[in-house]
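Number 94 in the numbering used here belongs to position 104 of the sequence shown; there are no gaps in the numbering.
All C-beta atoms, glycine included, are put in the ideal place defined by N, C-alpha and C.
Please read these numbers as outputs of a predicted model, since none were measured by experiment.
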Amino acid sequence: MKKLLIVVVGVCVVFIAWKTFSTLPAQGFWHASLEAPAGKVAFDYHILPMRSGMDAWVSVNGAPERAMDKLDMQRERIRFDLPIDGEVYHLDGTVAKRAIDGTWSRDDGATGSWHARRYSVKKG
-9 MKKLLIVVVG
1 VCVVFIAWKT
11 FSTLPAQGFW
21 HASLEAPAGK
31 VAFDYHILPM
41 RSGMDAWVSV
51 NGAPERAMDK
61 LDMQRERIRF
71 DLPIDGEVYH
81 LDGTVAKRAI
91 DGTWSRDDGA
101 TGSWHARRYS
111 VKKG
């Protein structure tokens, strides 16, 4: 009976962990843009589950990818910091199917909006 209980608890823990990481709507590959005071900024990012957490990378205006800063995802909400031209943009967005709409703010009080669209990457 004790062994059965251990197996059941183990299965429940694995199931809960899988549901937590496999259903985060912000996972995947995204193309995004925001209107900064100096003009439009385009960036691509991806968030993929890994055994030890999340693998999250961003590329701004075609620059080499770098690890995402201060990534926080809870259900349909995503928050992260994005350094652009010496300024840190704090992004906060909500996922709705294949799109994210959100706002950004900077420490100097500037604010604006940002948008992202999911895209598929074919493995070959």
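Note the first and the last residue of the continuous beta strand (DSSP E) segment covering residue i.
i          : result
residue 99 : Here residue 99 belongs to no beta strand (DSSP E), and DSSP marks it neither H nor E.
residue 82 : 77 to 86
With distance defined between alpha-carbon atoms, name the residue in the options nearest to residue i.
i           : options              : result
residue 107 : 46, 91, 60 and 69    : 91
residue 28  : 101, 105, 86 and 109 : 101
residue 36  : 21, 83 and 73        : 21
residue 98  : 46, 77 and 41        : 77
residue 82  : 56, 58 and 62        : 62
Note down the Cα distance separating residue i from residue j, rounded to an integer number of angstroms.
i           : j           : result
residue 80  : residue 96  : 6 Å
residue 34  : residue -9  : 52 Å
residue 84  : residue 66  : 6 Å
residue 38  : residue 30  : 26 Å
residue 14  : residue 64  : 7 Å
residue 16  : residue 68  : 7 Å
residue 105 : residue 42  : 28 Å
residue 24  : residue 86  : 18 Å
residue 18  : residue 109 : 8 Å
*Going along the chain, which unbroken runs of the alpha helix (DSSP H) with 4 or more residues stay wholly within the region 11 to 73?*
none
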